[in-house]
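Counting with our numbering, you get residues 1302 to 1539 for the letters of the sequence shown.
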Amino acid sequence: MIFKEQRPRLKGQRLSSYNYMNKQERRILVVGDIHAPFELKEYLQFCRDTYANYNCNQVIFIGDIVDNHASSFHVSDPDGMGGGDELDLAIERIRDWAIAFPVADVMIGNHDRIIMRKAFDGQIPARWIKDYNEVLGTNWSWLESVVYDNVLYEHGEGGQALTKAKNNMMSSVCGHTHTEAYVKWLVGKNFKVFGMQVGCGVDSKTYAAAYAKNFKKQAIGCGVVLGGHTAINCLMDL
């Protein structure tokens, strides 16, 4: 079926809204921590809907694509999956994300680098270690951090987004803290920057999230950053 591009007949506020959502600028969907294979199954569709609703043209995963629970530095569930089975299921889940968002930047999270850290501790040379794309079957760009439109994106182990914004005097977007989702602006005489803490997609009922069963409720959601000037948290209805 061939679709013809049509120019909608709009005026007034509707025309202004249409022009705003279609002007030439980055409209970035920021996907929260997934922790595959322990993410909510509905989270992918929620992120796809958010991408469409805000007419996004770019995707950033804020980190912790995989959980690596079986390989954790903390105590693993003795009744849980072994490392191989967990990885197989994670790859299966991530395949769906790669189909939905084949081009994306991924901020490397602390759970993503668990295997690399253990290999390092075991004195295994880096040349023996496969890269993330080769293992997970993706074609994404894996980075420690990235800057677009003067906004810093990174996973956030070293502090939440507001702390990053203060320290760097630069708008910052982070994940890592599953119970927080906010946008807060810092405004001075000659500057204005925001800190955006993005929600996550973790299923709190899975055994991998049992450590947090008495914590605050996870903030399930994703974020959108428009042109570096507007940051929006989108929380999922549960």
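We put the CB at the ideal spot given by N, CA and C, even for glycine.
Predicted model only: the values in this text are computed from it and were never measured.
So, with DSSP's three-state summary, where would you put residue i?
| i | result |
| --- | --- |
| Cys1475 | strand |
| Gly1524 | strand |
| Gln1498 | strand |
| Val1331 | strand |
| Phe1304 | A caution first: Phe1304 carries a pLDDT of 47, below 50, which makes its placement in the model unreliable, though a value can still be read off. In the structure shown, Phe1304 sits in coil (DSSP, three-state: anything other than H, G, I, E or B). |
| Trp1429 | helix |
| Ser1442 | strand |
| Ala1510 | helix |
| Asn1261 | For the chain, the structure presents residues 1302 to 1539; residue 1261 sits outside this window and is missing. |
| Ser1373 | coil |
| Arg1349 | helix |
| Leu1539 | coil |
| Glu1343 | coil |
| Pro1309 | coil |
Hey, could you find the ends of the alpha helix (DSSP H) residue i is sitting in?
| i | result |
| --- | --- |
| Lys1465 | 1462 to 1469 |
| Arg1418 | 1415 to 1422 |
| Ile1392 | 1384 to 1401 |
| Val1503 | Here Val1503 belongs to no alpha helix (DSSP H), and DSSP marks it neither H nor E. |
| Tyr1319 | 1313 to 1323 |
| Asn1356 | Here Asn1356 belongs to no alpha helix (DSSP H), and DSSP marks it neither H nor E. |
Report, in whole angstroms, the separation of the C-beta atoms of residue i and residue j, which I expect to be a contact under 8 Å.
| i | j | result |
| --- | --- | --- |
| Ala1462 | Met1497 | 5 Å |
| Ala1509 | His1375 | About 11 Å; that fails the 8 Å criterion. |
| His1567 | Gly1522 | With the chain represented from 1302 up to 1539, any question about residue 1567 goes unanswered, as that position is not in the structure. |
| Lys1518 | Thr1480 | 7 Å |
| Lys1465 | Leu1453 | 6 Å |
| Phe1495 | Ala1532 | 5 Å |
| Asp1334 | Gly1438 | At roughly 20 Å, the Cβ-Cβ gap does not stay under 8 Å, so Asp1334 and Gly1438 are not in contact. |
Since residue i is in the beta strand (DSSP E), which residue starts that stretch and which ends it?
| i | result |
| --- | --- |
| Asn1534 | 1531 to 1536 |
| Tyr1483 | 1483 to 1488 |
| Glu1455 | 1452 to 1455 |
| Ser1446 | 1446 to 1449 |
| Asp1406 | 1406 to 1408 |
| Gln1359 | 1359 to 1362 |
Who are residue i's beta bridge partners in DSSP?
| i | result |
| --- | --- |
| Ala1337 | Val1367 |
| Lys1493 | Val1488 |
Closer than 8 Å is the cut-off here; do at least three beta carbon pairs connect the stretch 1485 to 1500 with the stretch 1523 to 1531?
yes
When the Cβ atoms of the stretch 1346 to 1366 are set against those of the stretch 1317 to 1329, are three or more pairs found closer than 8 Å?
By the Cβ rule, the stretch 1346 to 1366 counts as touching the stretch 1317 to 1329, because three or more pairs are nearer than 8 Å.
Indicate whether the contact test is met: 3 or more Cβ pairs, each with one atom in the stretch 1397 to 1406 and one in the stretch 1339 to 1349, closer than 8 Å.
Short answer: they touch.
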